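Residue numbers (our numbering): 601 to 968. Single-structure report; data block below.
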């Protein structure tokens, strides 16, 4: 088994019934589908055992979320006897429809681009197959305040795919809805950050990989179709809390190191670390202020549950943040000499998108 394609399932029997047969049919001789289950109660695994008895299962004793579930699934897959030659670990949602030839271009790209640690296909909407889908579109970017967006998706505005992203491209992050990661790199990073539970964990992983000098790519020769919202609805207050909290955790993990690498060529390691620490602290404070502005809007518009989501997110961030000190940043700079800093989009995407309207996509293409 060269490639393990792993679905992390939690009470999505309907999607397994609909999409799993096509996924299985798309496998080649050196790839295999494995279903990891997060203690589902909807009969998912009973269905799987009855209809697809040959599919390997990883049964987790509880729901550890996207992060903990995939990390445990990775350990279980790597322990299989047939995984001695495993090179690629594929994270794929149960609500993804794949064409027959989706996996080959991704594996071929990884085989021929050793500098690439992770790659993804273009993500199209299952409902509107000619449009990009919210969760990843044609590859993601992150703006100066940590707001993620995509080529083909900015805020809630989606672009139609007219071939404008048909060349392979280096991006800041690739969607966890369908992500190919090198086994050795996933292991070296310690997998996904367990604290996140769900949402933005793949952005954090991609950022950490870039801080180690690796690339993240989108391979448009592969396209998959995402239904979206299969586990948590888009208007879920809990989902909103996770997004606000995890965005801050992601900045705490990576921002100071990113600034330090960008300053390393101009200053000695100690000065670069000091400046980076202070700049990152200011930027995270600014982001918190922007979050509080959002919370005020929620409160003024009668969305008290969303206001509470932001408040809870900040409280949990204060409790969960690992924190970064100047000495650890200095040591990071010393041990990562010559590695380029990951490139954040230099503008704040929110007001820019409101000003540009549908022209935001053409603007982004000119700037990256």
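Yeah, the Cβ is synthetic: ideal placement off N, Cα and C, and Gly gets one too. Just so you know, these numbers come straight off a predicted model, no measurement behind them.
Membership of residue 914 in the alpha helix (DSSP H) is indicated by the continuous run 904-920. Residue 656: member of the beta strand (DSSP E) spanning 656-660, first to last residue. The Cβ atoms of residue 644 and residue 669 lie no closer than 7 Å to each other.
Beta bridge pairing from DSSP links residue 748 with 742. Judged by beta-carbon spacing, residue 736 lies within the 7 Å limit of residue 723, meaning their Cβ atoms are closer than that value. Note that the C-beta distance between residue 827 and residue 702 is not below 7 Å. By a beta-carbon distance limit of 8 Å, residue 926 contacts residue 873. Their separation comes to about 5 Å. Distance from the Cα of residue 931 is smallest, within the candidate group 958, 947 and 877, for 877.
Taking C-beta atoms as the reference points, residue 667 and residue 796 count as a pair closer than 7 Å. Residue 954 sits exposed, since fewer than 16 C-beta atoms from the chains shown fall within 10 Å of its C-beta.
For residue 688, the beta-bridge partners assigned by DSSP are 603 and 782. For the pair residue 631 and residue 698, the CB atoms are not nearer than the 7 Å cut-off. DSSP places residue 844 within a helical segment (H, G or I) once states are collapsed to three. Closest in alpha carbon position to residue 811, among 854, 896 and 800, is 854. By the criterion of a C-beta distance shorter than 8 Å, residue 904 is surrounded in its chain by 898, once the five residues flanking it on both sides are discounted. The secondary-structure analysis by DSSP pairs residue 696 across a beta bridge with 826.
Following the DSSP letters along the chain, one finds residue 677 in no beta strand (DSSP E) but inside the alpha helix (DSSP H) bounded by residues 665-678.
The Cβ atoms of residue 887 and residue 745 lie closer than 7 Å to each other. Between the alpha carbons of residue 829 and residue 949 lies a distance of about 24 Å. About 5 Å separates the Cβ atoms of residue 786 and residue 689, confirming a contact at the 8 Å cut-off.
The Cβ atoms of residue 718 and residue 816 sit closer than 7 Å to each other. If only uninterrupted beta strand (DSSP E) runs of at least 3 residues are considered, those enclosed by the segment 615-639 are 631-638.
Distance from residue 721 to residue 706 at the Cβ level is roughly 6 Å; contact confirmed, criterion being Cβ atoms closer than 8 Å. The straight-line gap separating the alpha-carbon atoms of residue 924 and residue 857 is approximately 9 Å.
The closest CA to that of residue 825, considering only 601, 603 and 619, is found on 619. In this structure, 958 is the residue among 966, 958 and 628 with its C-alpha nearest to the C-alpha of residue 759. Annotated as distal: residue 778 and residue 655, with beta-carbon spacing of 7 Å or more.
Note that the C-beta distance between residue 945 and residue 743 is below 7 Å.
Taking the Cβ atoms as the reference, residue 609 lies roughly 17 Å from residue 792, outside the contact range of under 8 Å.
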